[in-house]
Every structure is written in structure tokens, then in C-alpha cells.
Amino acid sequence: MSRETHHTPTRHLHPRQPPPAHYYADNLLALVDTVHRRYGDLLVGDERAFGERILSLSVPGKRLLARLIARKGPLIRDDSLAYREVDDVEATLAELEAATLVQRCPPAPLDAVLKLLTRAEIGYLFAWDIRDVAKAGKAVQVARILASSPGCLGRWRIKRAVAWLALRQVEHLDLYRLLFFGDLHQDLTTFVMRDLGVFRYEPVVLSRKTRLFSDRAALARFLELAAAQEEIAALGERPDASTCHAKVAELLARLWCPMDNRMLERRRSRTLNRLGRNLERVGDFDAALSCYGRSTLAPARERRMRILHRLGDEDGVESLRTAILAQPQTILEADFAARFARPFRRPPAPMVERTLGGAVPASIEAHALALLTTSGGIGWHLENHLPMAVFALAYWSWMFAPVEGAFVNAFQTGPVDLFWPDFFVSREGVCEDPLHGALKSRLRSTMQAKAGTANRLFSWQRCPPTVIEAVLEAIPEADLRALVEIVHDDLDGRRSGFPDLTVVYAPGRYEFVEVKGPNDQLQIHQRLWIQALQGRGLPVRVMRFRTGK
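Here's what the structure looks like:
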């Protein structure tokens, strides 16, 4: 496998000192160069030309464009552009405009332009429009202007005093970001956070084969799914069936066919599950069943069972229940199917009840922890951070193993397939089983070697080394092994529901405590975690507080 990096080497920045003059431009150029190198065969003419125009800019042009890309919002005031590394901003803006990378004073919704103004500027430019709300807040004044002034006239007034600009070809920039980072959420600030030391990333193996999209068809399908997700979000969590019927039918048609690509299929199914849940909320059961029926991910089958039960189709319910029990996708799904045949009676959990003498404390967990450690011991409100941290330390090498396709950029905090069903199978033979041999020594050595390195499962802020060391000192090796095995059995499903408190009293004496305030009930994930801990013989209980009479 050929290796490559696709970002600039780490440059250690100081928060109180300016970065090197070409720092931001270097990050932008790294993004463009990498996309051309790794995805050049996928780019069409306009997309490739966009990157070429950036590479051909002058040094000031590259520096200013990098700064503009980092700005938030669709519009930027011209007079806010003052950067020590760009001597002649006006001439450089002219270069960017000639390269069709920015547009000066583009048409834009009046409210977006008004957001650029201070309250004093609004008072000067629109004194007559806001004469009766002159002392009101900016939001009130803007609303009054929008109601009384045509957009073209309002923009003309503003343009006399304030100029603005906008980036052009933003869709190409978004595409480059997607190809570089592998998602639509990260941007060039990722470089800055790394170089300031806020995040430190595990070195990973990258090659041309690891790219997220093997061909243009896969990229196009990803973008289609992203567009569908945005359209579903626009419909809202409770779409109006009377006005959205045609749109829902069109979305279903676009999402109907399964995909061979595992990443795209998971994304397609998650999108169907979201649309189905929204339709279920408004009682459009036929359309919801269609969504769930085409999804290959949990909880689609559970939701279908619930709807069919509500509609009185017991044969359909039993058929699905049998299929789930024969081959469950998750522990939560199996638990649901097992319980659906009888009333949902919860198995009892070990419980201690306490009465609150006064008002409910601001933090019921802190109150419980104080009571538990009155006679000694120490504890933390860690919830799922604890089992995920212990698992991450045990399986660190598995998470960052050089598995083909697991990493598409150097800023990932975990592999693409971390929560996929075949995560462990794909690494057998590549990684050593962490449960073979002494576990505590492995956890300690990994913690020392990786302290502060970003990990998708591990919060160093919530679980600093001092806390992990105290936990390792108190919990026996066999119990730690059992905890890791529970997470291993359903990594995705175990990300929530772990008891609130981890309390250690002495070496070998500890417990996990779920805290419930008045009128608070155990959730399914919490009950499943308690059952799993009980089944392994680990100390766990529920501490429930009642209000006094």
C-alpha cells in the first residue's frame, strides 16, 4: 500500500502570537493539492478549473482568499478586511474578482445585508423607516425596515455607505472540503485547532485506495443523499401530509434502491429511518412503513412492528418478531422483539431509595455522590465516558489499524467503519486481541502513550489520566475485562445508558450507580446496561430519590 500525507506538517502555533504570514494560505493550498492528487480523475471541468484558479493566484491573492474562506456568514464587509499579511487589500480583491472567486456587492436578501450594519448605521441610513422604533433593539428595527422598504432600495441605501462581498462558486469549495475531509462539516479551522494543540491526531496510513469515493458515481450518489437529507430537514419533524405528499413520494423514489457501497447504504438507510420516523409522528403509517421497509438499519424493523401492532396486523408483527430474534441487528432490537410478545415488565434492578428533605437539588447526581462518599471513597459522574474510555484504551490499535478504506483524511478521530457490524471481523488477523494477556498493563501503557490524542470514543476532559488510574487501581482485572467484553458485543448500542456514577471505595471495592430523581424512570438503554453488568457479576444499583411528605 502506498502511503501519503494530505495535509501540511503540524505547525505549532502560539495563541498569543500571530501565525506565519503564509500559514492560512498553506492550509488552503494543501486542501486543493490533495484533492487534485487524490480525486483529480473524478473532477469535471469547472470543478478542476476552480482549484487551478486558486493555485494560480498571486501570494497576496492566496492569502486573502484563505482568510475569506475562514469567515462566517454568506456576506463580508469590505471594511472588515485588514490582515497583516496582505498589504493592498483593494488590489487583491480586484484580483480575486477577476478570477471569479469573489463578487463585490452581489444581490442578496435585504435582511442578510442589514445584519452587516451596526445599530448606529441602521439609525443613520434608515432614520425615517424606524422613526417610531428608534429606541428599540436592532431586531425590531430590522423587522420594521423589511416591512417598509423594498429590497433593491434598501440595498442601494446601504451600498452608499458600506460595501460587501461574497465568495463565488461556493458549491465547488464545498465539494473540495468534502473530498478532503470526507464530510460536509469540517473546514480549514481543523488545521488551526490542530496546530494550536487543541487537538492532536493519531497518525494514520493513507493511500489513493483509501479515498472515500472510488468513482464519480459514488460521489454523485453521496451528494444526492446529502440533498435528500436537507430536504427532509426542511419538511420538519412533523411534515404536513396534505401539502408534502408529492414531495415524500419523490423522496421515497430517490431512496428506494439499496446500494452496494456500504457507506452509502448506511447513509441511505439512516435517511429513510429519519423520514419514516417523521411520517410516523403525523400518522402517515403507509408512507412510514414504506420508508422502514426499504431501510436495512435498525430501528427500522422495530418501528414497523410498532406500526403494524397499532394497525392490528398481528401476523405481520409476529413475522417480523421471528425474523429479528433469528438474526438481530442490535442488542436493543433483540430486547424489543423478546419483550413484545408479552407485557413490557421490566426485570427488577437492585435499588436503594432515599427521601429528599427539601427541594430537589440542582444536580441530583452530585447529591447522590456526596451521600455515597460520606464515609470515604471517591466518585465521578462519568456515565458512558467510562466504558467507552476503557474500551478505547484496550482497542486503540484496532481503531487506528491500517485497514483499507478506514481513513480518508488525517484529521479523523476514529475509522469510518467504527460502528459498522463488521468492524471487528475486518481487523482480525491484523490486530492482536487486547483481551489476550494482562489488560491493566495494556490500558496503562496506552494511556501514557496516547494521552491527549483525539479519539472518537474517549474524552480526555471527562476522563483524565488521574481518573482512569484511580479506576484501574480499584476495579479488578477480571471486572475490567468483563466491562470491555460488554462493549465489544454491541459497540454502537453501548454508547448510551451506562450508570451515572462510578464510585470507588478501596482497591477491589467499587460500584456503578444509576441515579433517579422523583418521577424519573429507567430508560431501555439504561436497563440493558444494568442487566449486562448484573449478568457479569459487576456491582451495580439504582439510587432513587423520593420527595418527602
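Using the numbering used here, read the sequence shown as starting at 1141 and increasing by one per residue. Every residue gets a Cβ at the ideal spot worked out from N, C-alpha and C, and that includes glycine. All values reported here derive from a predicted model rather than from experimental measurement.
Just mark residue i as buried or exposed, buried being the case when its beta carbon has 16 or more other beta carbons within 10 Å.
i, result
"S1142", "Residue placement at S1142 is flagged as unreliable, the pLDDT there being 43, under the threshold of 50; the coordinate-derived value follows with that caveat. When all chains shown are included, S1142 counts as exposed."
"D1691", "Outside the modelled stretch of the chain, which goes from 1141 to 1689, sits residue 1691, for which no answer is possible."
"R1659", "The sequence given here places Asn at residue 1659; Arg does not occur at that position. N1659 should be labelled exposed."
"D1475", "buried"
"T1113", "Not covered by the structure: residue 1113. The range shown for the chain is 1141 to 1689."
"K1212", "exposed"
"C1292", "exposed"
"T1232", "buried"
"R1193", "buried"
"T1642", "buried"
"H1325", "exposed"
"R1444", "buried"
"R1207", "buried"
"D1186", "exposed"
"R1203", "buried"
"V1457", "buried"
"A1279", "exposed"
"D1272", "exposed"
"R1441", "buried"
"R1450", "exposed"
"P1555", "buried"
Quick one: residues in its chain with C-beta nearer than 8 Å to the C-beta of residue i, no 5 flanking neighbours on either side, listed in chain order?
i, result
"M1491", "R1681, V1682, M1683 and R1684"
"L1612", "K1580, L1583, R1584 and L1620"
"A1301", "E1261, Y1264 and L1265"
"E1405", "P1398, M1399 and T1436"
"E1572", "S1537"
Cα separation between residue i and residue j?
i, j, result
"I1615", "E1568", "28 Å"
"R1417", "A1438", "12 Å"
"D1640", "E1617", "22 Å"
"F1321", "N1549", "6 Å"
"Q1552", "L1318", "13 Å"
"L1169", "S1289", "43 Å"
"S1503", "Y1650", "22 Å"
"C1384", "A1589", "54 Å"
"A1368", "Y1179", "24 Å"
"R1284", "I1298", "16 Å"
"G1355", "F1362", "In the sequence as displayed, the identity of residue 1355 is Asp instead of Gly. Rounded to the nearest angstrom, the two C-alpha atoms are 11 Å apart."
"L1465", "A1374", "36 Å"
"S1220", "L1257", "12 Å"
"A1591", "N1524", "19 Å"
"H1147", "I1270", "Bear in mind that a pLDDT of 48 at H1147, under 50, signals an unreliable position, so the number given afterwards is only what the model happens to contain. Their backbone Cα atoms lie some 51 Å apart in a straight line."
"P1155", "H1628", "40 Å"
"M1539", "E1235", "45 Å"
"L1662", "A1481", "21 Å"
"F1425", "I1447", "7 Å"
"A1594", "R1340", "6 Å"
"E1420", "R1151", "50 Å"
"E1237", "A1303", "14 Å"
Within a Cβ cutoff of 7 Å, which residues of the same chain sit near residue i, ignoring the five residues on either side of it in sequence?
i, result
"G1191", "V1172, V1175, H1176 and Y1316"
"R1408", "L1365, L1395 and M1399"
"R1676", "A1622 and I1626"
"L1286", "L1250 and D1251"
"V1184", "none"
"R1295", "L1250 and V1253"
"A1508", "L1641, V1653, V1655 and M1683"
"F1484", "In this predicted model, F1484 has a pLDDT of only 48, less than 50, meaning its place in the structure is not dependable; the value taken from the coordinates is given anyway. None."
"I1608", "A1529 and M1587"
"V1422", "R1378, P1379 and A1381"
"D1630", "T1470 and I1471"
Name the one or two DSSP bridge partners that residue i has.
i, result
"L1641", "H1521 and V1653"
"L1496", "T1687"
"Q1588", "Its beta-bridge partners do not exist; DSSP assigns none."
"C1571", "E1568"
"F1715", "A question about residue 1715 goes unanswered here, because the residues of the chain that appear run from 1141 up to 1689."
"M1333", "DSSP, once it has assigned bridges, lists no residue as partnering M1333."
"I1216", "L1305"
"V1242", "L1307"
Examine chain D for any beta-carbon lying closer than 8 Å to the beta-carbon of residue i, and answer yes or no.
i, result
"L1472", "Within the model displayed, chain D is absent; a lone protein chain is all it includes."
Quick one: residues in its chain with C-beta nearer than 6 Å to the C-beta of residue i, no 5 flanking neighbours on either side, listed in chain order?
i, result
"L1526", "T1642"
"F1598", "A1529 and A1532"
Worksheet item: Can we say the stretch 1335–1347 touches the stretch 1196–1205, given the rule of at least three CB pairs closer than 8 Å?
Response: Not touching, per the Cβ criterion.
Fill in: Any 3 or more C-beta pairs closer than 8 Å across the stretch 1525–1532 and the stretch 1375–1386
Short answer: they don't touch.
Practice prompt. Kindly confirm or deny that the stretch 1151–1164 and the stretch 1224–1238 touch, where touching means at least three C-beta pairs closer than 8 Å.
Written response: Cβ pair count under 8 Å is three or more, so yes.
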